[in-house]
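J.:
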Amino acid sequence: MFRLLLYKHTKELITTFSTNRFQPHRGIFYNCALSKKKTSFISKGNKKTDKASQEVFFPSLRNESIKDKIALVTGGTEGIGLQCVRELLTGGAKGVMIADTNATKGYDTVMKFSQEFGRNKITFIQIKAANYVLLKNAFISTINFYKGLDIVINHVRFQEKNWEDQIDENIKRVVLSTQLCLEFMGSNYGGNGGILLNIASNYDERTISCPLRLAIQDFIVRFDKSVANAHFDSSNIRILTICKATFDSIGCDLSTIISKGPNGCVWEPA
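Quick note, the sequence shown lines up with residues 3 to 272 if you use the working numbering.
1. Buried or exposed: which applies to V75, given that a residue is buried once 16 or more other Cβ atoms fall within 10 Å of its Cβ?
2. Would DSSP call I124 helix, strand or coil?
3. Counting along the chain, where does the alpha helix (DSSP H) carrying L198 start and finish?
4. State the beta-bridge partners of V268 as determined by DSSP.
5. Identify every residue that forms a DSSP beta bridge with G97.
6. Whole angstroms are fine: how far does the CA of A95 sit from the CA of I142?
7. Could you check the C-alpha separation between Q181 and F225 for me, to the nearest Å?
8. Report the rounded CA-to-CA distance for I218 versus E89, giving the unit in angstroms.
9. How close, in whole Å, do the beta carbons of T79 and D102 come, if the pair is a contact with beta carbons under 8 Å?
10. Apply the 10 Å Cβ neighbour rule to N104 and answer buried if 16 or more other Cβ atoms are within range, or exposed otherwise.
11. Restricting to Cα atoms, I'd like to know which of V135, C183 and D167 is closest to L151.
12. On a Cα-Cα basis, can you pick out the residue from L216, F119, L84 and L199 that is closest to I244?
13. Taking buried to mean at least 16 other C-beta atoms within 10 Å of its own C-beta, is N265 buried or exposed?
14. When you compare only the Cα positions, how much space is there between N231 and R240?
15. Closer than 6 Å by C-beta to M99: which residues in its own chain qualify, once you throw out the five before and the five after it? Chain order, please.
16. Does D152 come out as helix, strand or coil in the three-state DSSP assignment?
17. Could you check if N172 is buried or exposed, using at least 16 other CB atoms within 10 Å of its CB as the buried criterion?
18. Just confirm the distance between the C-beta atoms of G83 and R159, as a whole number of angstroms; I'd bet it's less than 8 Å.
19. Between S116, V177 and L136, which has its C-alpha nearest V223's C-alpha?
20. Give me, in chain order, the residues of the same chain whose beta-carbon lies closer than 6 Å to that of K227; leave out the 5 immediate sequence neighbours on both sides.
21. Between I72, Y109, N194 and L136, which has its C-alpha nearest L91's C-alpha?
22. So, under 8 Å CB-CB, G195 and S257 are touching, yes? Tell me the CB distance rounded to an integer number of Å.
23. Work out the CA separation of G93 and G108 for me, nearest whole Å.
24. Of the choices G77, I127, K149 and A131, whose alpha-carbon is the least far from that of A140?
25. In terms of DSSP beta bridges, what is H157 paired with?
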């Protein structure tokens, strides 16, 4: 189903958004301001409130945390993906598996964080962006090594590659990872549920690949919201999205988003 959706809509999205700027869906929020100094939320029909009183907008959510959780981060060797790995370990995650294409960067990251957080807190496995078998092996290896899986983070990174590689790395990887999340973490398949977070990093709108990047970002938002609505009740997996993420927004609010983000919500740094 996921692969059919991917090939059916990718070409249409690229054509459509070559001339139209993406406007993200914010669910129940008009805006989510994410910065180091201030976090505020605006809900439809409500006035702006500060961080101390944000519980008003999440009355029925469980107070989950990163502590003792097991996470798999694809694209976690650089940029915001790497920052997510650090935030997970700093927050007390039991273990983090990095899955990425560059083995040298991966092993260097493991060595660096092992010295800071301890051995076996972090591991690395090499994948290819659109290779289903290798990506599935990353899920299996994480579960076998850490005896579980609670959080999956996909870092959608925009680089100056040809358009075909961009689609492979940023659309197909997200679709395949979502499919594997439902398979390995879904309560309807014997899992315990969990969290899937897709993060699209910020990009320079002046580059020639901007139309494709806008199309990819819109695809991810619409795909995430669709899967979240269709599968949450049966899988108990919350699917969250961050668009145009920055280091400040990740550093300040990753734990907040993971613990309190409603299923299907989309966040964008102000």
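Think of the CB as a built atom: it goes at the ideal place given N, C-alpha and C, for glycine as much as any other residue.
T.: Working from what's here:
1. Buried is the call here.
2. For I124, the three-state secondary structure derived from DSSP is strand.
3. Per DSSP, L198 lies in no alpha helix (DSSP H); the unbroken beta strand (DSSP E) holding it starts and ends at G196 to S203.
4. DSSP output for V268 lists T243 as bridge partner(s).
5. BP columns for G97 point to I72.
6. About 18 Å.
7. Straight across, the Cα-Cα distance linking Q181 with F225 is about 12 Å.
8. I218 and E89 have their C-alpha atoms spaced approximately 26 Å apart.
9. Sure, about 4 Å apart at Cβ, within 8 Å.
10. It counts as exposed.
11. Answer by Cα proximity: C183.
12. Answer by Cα proximity: L199.
13. The residue is buried, with at least 16 neighbouring Cβ atoms inside 10 Å.
14. Between N231 and R240, the C-alpha separation is close to 10 Å.
15. These residues qualify, in order along the chain: L74, T125 and T144.
16. DSSP places D152 in coil when its eight states are reduced to three.
17. Residue environment analysis places N172 among the buried positions, since at least 16 neighbouring C-beta atoms fall within 10 angstroms of its C-beta.
18. 7 Å between Cβ atoms; contact.
19. Looking from the CA of V223, the closest CA among S116, V177 and L136 belongs to V177.
20. Once the five neighbours on either side are set aside, the close Cβ partners of K227 are G266.
21. Nearest C-alpha to L91: I72.
22. With a Cβ gap of about 18 Å, G195 and S257 do not count as contacting.
23. About 21 Å.
24. Selection G77, I127, K149 and A131 evaluated against A140 yields I127 as nearest (Cα-Cα).
25. Answer by DSSP bridge pairing, in chain order: I201.
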